[in-house]
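Protein chains in written order, with this note's numbering: chain U, 10 to 541; chain S, 11 to 194. Quick reminder that beta carbons are idealized off the backbone N, C-alpha and C, glycines included. Bear in mind the structure is a predicted one, so any value in this text is a computation, not a measurement. Below you'll find the structure, written out as structure tokens, and then a few comments.
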């Protein structure tokens with residue numbers, strides 16, 4: 010009989026299907042509810058990226074006077090950190106800004122910046138209390154500078170490759186003074202030496218801030234050395250003139266600004282007084298006795314406060330030498346030093362000031378160095394370990410390893426070396442170096458090693474707790490191992506307690522390969538440890 | 011629903027001519043069938059979409075930023091008296107791929123911490139020829155590309171002052187340096 014009784018089960022099927030589909034739909038929505046929790050790691054990366062951009066591409070705020078010139082009592086006026094020299098030169102960082110940024114205090118809030126508050130407000134931003142670590146490493150230096158806490162297991166990060174602009178400096182020594190006629194041949198008591206910073210030319214000749222000598226942004230440094238060598242000795246004179254018995258007194262240092270044809274005397278604050286004879290603190294007042302050296306270091310904020318961007322700045326040093334003798338003197342001071350007339354003195358054929366300019370013969374020009382900046386951001390617990398670099402060698406500079414015998418070692422620049430690396434070849438040979446780990450534990454070693462062998466040969470990386478008497482193998486590459494492919498491979502090892510706090514800790518590499526053509530390569534050695 | 015079932019319009023149905031809910035059955039079936047079809051279509055369309063892991067773009071972005079920084083630094087002279095490294099590499103008598111490799115690996119793998127990164131690359135440069143066509147020439151590589159790498163691409167225009175790609179050295183030329191980079 011034909012009827013529609015079966016429709017009942019179809020209804021059930023339809024209902025069940027609709028239920029299942031609805032169920033699947035709801036289940037598929039659940040991960041969406043957790044997105045807020047899931048996105049924290051993404052958020053860390055984004056915050057790290059933002060901070061990395063601010064630090065490497067922004068000069069910070071205030072811009073004039075630059076934020077780095079604010080002392081600790083005025084640090085609350087700093088709105089934003091930024092390490093770039095200018096907004097037109099991203100990735101080119103200022104050494105002065107770096108020095109100020111990493112001036113950290115952990116105890117005294119009136120000295121340096123405080124982690125995390127000062128940095129959070131000016132570099133990380135946002136209301137969320139992130140933990141962070143900002144590190145900067147000059148590639149050519151082992152030492153890195155960092156602010157922040159120890160890294161945990163998981164964190165968001167960004168790594169930026171940057172260049173650090175070094176500061177310019179000049180040295181006026183005996184030979185320079187002689188060759189430039191800076192020694193006055195007449196015997197006199199009072200001598201004046203002057204130096205010229207022509208800002209109009211400095212800012213006009215080179216426009217790119219990355220290479221410019223901008224005295225209102227970067228510190229300038231002039232070393233005057235070998236002062237006594239400018240005294241011509243007359244032991245038979247009365248009184249006798251000898252370098253050993255002559256006394257030199259730096260009577261005063263004056264700054265003159267030439268602006269639109271008018272000279273003005275700019276008061277010199279004690280914070281810009283010179284350094285005498287290698288002393289690490291500035292001269293508190295004038296006059297002062299000098300033996301050999303004077304270092305003039307003018308802070309950029311002082312120059313900036315002069316509003317001397319289009320001016321010429323004359324720095325004059327007045328000396329009294331007893332007994333009267335020849336001395337460093339390139340300035341005709343008229344009518345006298347206390348009533349110094351700029352026009353008569355500096356616009357005078359007898360005055361030949363030292364010129365701080367772009368001539369490499371006069372001034373060591375600012376150069377750019379490679380560096381790495383890393384920003385890591387997380388929340389919650391910090392890490393337990395903080396490994397610091399104790400020693401590193403990429404063999405790009407001088408080599409101070411013990412070679413045995415040296416005939417089997419060369420410093421190779423060909424494939425697979427990256428730059429220069431060690432190549433041991435053709436004979437049984439080893440190199441080693443003692444690296445004191447005093448003050449450090451949890452020693453780690455990393456290096457790149459590779460080989461190209463004939464049968465039966467090997468290269469071993471090894472360490473010794475006793476200066477090389479006994480050795481422990483870290484990694485050995487034998488013939489036909491996967492690493493025997495003429496390519497460098499990275500290795501990292503954590504060493505046992507015997508390597509901790511050990512002045513005789515020694516790292517070594519040994520090639521057992523007496524066949525011509527056998528080669529082992531070693532590069533990028535880094536030894537790290539955790540400070541005790 | 012009529013528990014006896016049956017079509018109310020059929021003459022042999024004893025309930026024919028009376029109002030009942032038999033028709034409801036067909037309406038529900040129709041709606042359900044429609045829903046099923048829509049759901050099926052939705053699931054099929056969803057199933058054919060290609061998804062990447064949620065965070066992949068973050069590491070890609072980080073790698074791109076790093077590569078871009080490295081090329082920028084390599085094209086920044088140390089001082090005013092010298093050319094940038096990229097200019098020296100491309101503008102020498104012969105293109106110095108070994109130097110490019112050395113510097114690119116050093117800059118991209120260095121970190122502030124103890125351990126080094128494991129970034130590899132494959133680089134080429136492209137220039138325009140006299141007939142206005144372009145030519146791409148391998149520059150250097152640290153590993154051969156197998157196709158399985160998750161690589162990102164970074165580029166940098168470099169101004170080179172020499173005869174390049176059969177063009178005479180009458181004026182500086184722009185050369186596009188292109189780097190595919192990835193982590194081992």
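Asked, Found
"Give the DSSP-derived three-state secondary structure of residue 185 (chain U) in the structure shown.", "helix"
"So does residue 56 (chain U) have its beta carbon nearer than 7 Å to some heavy atom of the ligand HEM?", "The model depicted lacks the ligand HEM and carries no ligand whatsoever."
"Taking the continuous alpha helix (DSSP H) assigned at residue 355 (chain U), which residues delimit it?", "351-355"
"For residue 132 (chain U), does the count of other Cβ atoms within 10 angstroms reach 16, so buried, or fall short, so exposed?", "buried"
"Does residue 172 (chain S) come out as helix, strand or coil in the three-state DSSP assignment?", "coil"
"Go through the stretch 303-389 of chain U residue by residue and report every complete run of the beta strand (DSSP E) that reaches 3 residues or more, in order.", "303-307, 321-337, 363-365 and 377-387"
"Please list the partners that residue 428 (chain U) has in chain S, where partner means a Cβ-to-Cβ separation under 7 Å.", "112 and 116"
"Kindly indicate which three-state DSSP category residue 292 (chain U) falls into: helix, strand or coil?", "coil"
"Starting from the beta carbon of residue 172 (chain U), find every residue of chain S whose beta carbon is closer than 7 Å, and list them in chain order.", "83 and 86"
"Which bits of chain S does residue 148 (chain U) rub up against, with CB to CB less than 7 Å?", "120"
"Report all residues from its chain with a CB closer than 6 Å to the CB of residue 132 (chain S); omit the five preceding and five following residues, and keep chain order.", "151, 155 and 190"
"Any Cβ of chain U within less than 8 Å of the Cβ of residue 145 (chain S)?", "no"
"Run through DSSP, which three-state label would residue 95 (chain S) get?", "helix"
"So, is residue 533 (chain U) buried or exposed, given that buried needs 16 or more other C-beta atoms within 10 angstroms?", "buried"
"Can you tell me whether residue 59 (chain U) is helix, strand or coil according to DSSP?", "helix"
"Any idea if residue 462 (chain U) is buried or exposed, counting beta-carbon neighbours within 10 angstroms, 16 or more meaning buried?", "buried"
"Is the CB-CB distance between residue 284 (chain U) and residue 306 (chain U) below 8 Å?", "yes"
"DSSP three-state call for residue 174 (chain U): helix, strand or coil?", "strand"
"Starting from the Cα of residue 446 (chain U), find the closest Cα among U:485, U:504, U:379 and U:263 and give me that residue.", "U:504"
"Under a Cβ-count criterion, where at least 16 other Cβ atoms within 10 Å of its own Cβ denotes burial, should residue 140 (chain S) be classed as buried or exposed?", "exposed"
"CA-CA distance, residue 212 (chain U) and residue 193 (chain S)?", "43 Å"
"Suppose you measure from the CA of residue 107 (chain S) to the CA of residue 99 (chain S); what does that come to, to the nearest Å?", "7 Å"
"State the DSSP-derived secondary structure class of residue 185 (chain S), mapped to helix, strand or coil.", "strand"
"For residue 518 (chain U) and residue 530 (chain U), I'd like the C-alpha separation in whole angstroms.", "10 Å"
"Thinking C-beta only, is residue 164 (chain S) closer than 8 Å to residue 81 (chain S)?", "yes"
"Should residue 108 (chain U) and residue 122 (chain U) be called a contact, given that it needs their Cβ atoms to be closer than 8 Å?", "no"
"Closest Cβ-Cβ distance between residue 220 (chain U) and chain S: below 8 Å?", "yes"
"Taking all protein chains shown into account, decide if residue 41 (chain S) is buried (16 or more other Cβ within 10 angstroms of its Cβ) or exposed.", "exposed"
"Return helix, strand or coil for residue 60 (chain S), following the three-state DSSP convention.", "Because residue 60 (chain S) sits at a pLDDT of 49, beneath the cut-off of 50, its placement in the model cannot be relied upon, and the following sentence gives the value as read from the coordinates. Three-state DSSP puts residue 60 (chain S) in coil, outside helix and strand."
"Leaving out five residues before and five after residue 496 (chain U) in sequence, what residues of the same chain have Cβ atoms less than 7 Å from its Cβ?", "425 and 459"
"In chain S, which residues lie less than 7 Å from residue 215 (chain U) when you measure between Cβ atoms?", "90"
"Within 8 Å (strictly less), CB to CB, does residue 61 (chain S) reach chain U?", "The predicted model places residue 61 (chain S) with a pLDDT of 46, which falls under 50 and marks its position as unreliable; any figure quoted below should be read in that light. Not one chain U Cβ lies under 8 Å of residue 61 (chain S)."
"According to DSSP, which residues form a beta bridge with residue 284 (chain U)?", "U:304"
"Please list the partners that residue 38 (chain S) has in chain U, where partner means a Cβ-to-Cβ separation under 9 Å.", "20, 23 and 24"
"Any Cβ of chain S within less than 8 Å of the Cβ of residue 144 (chain U)?", "yes"
"Using a beta-carbon distance below 8 Å, is residue 325 (chain U) in contact with chain S?", "no"
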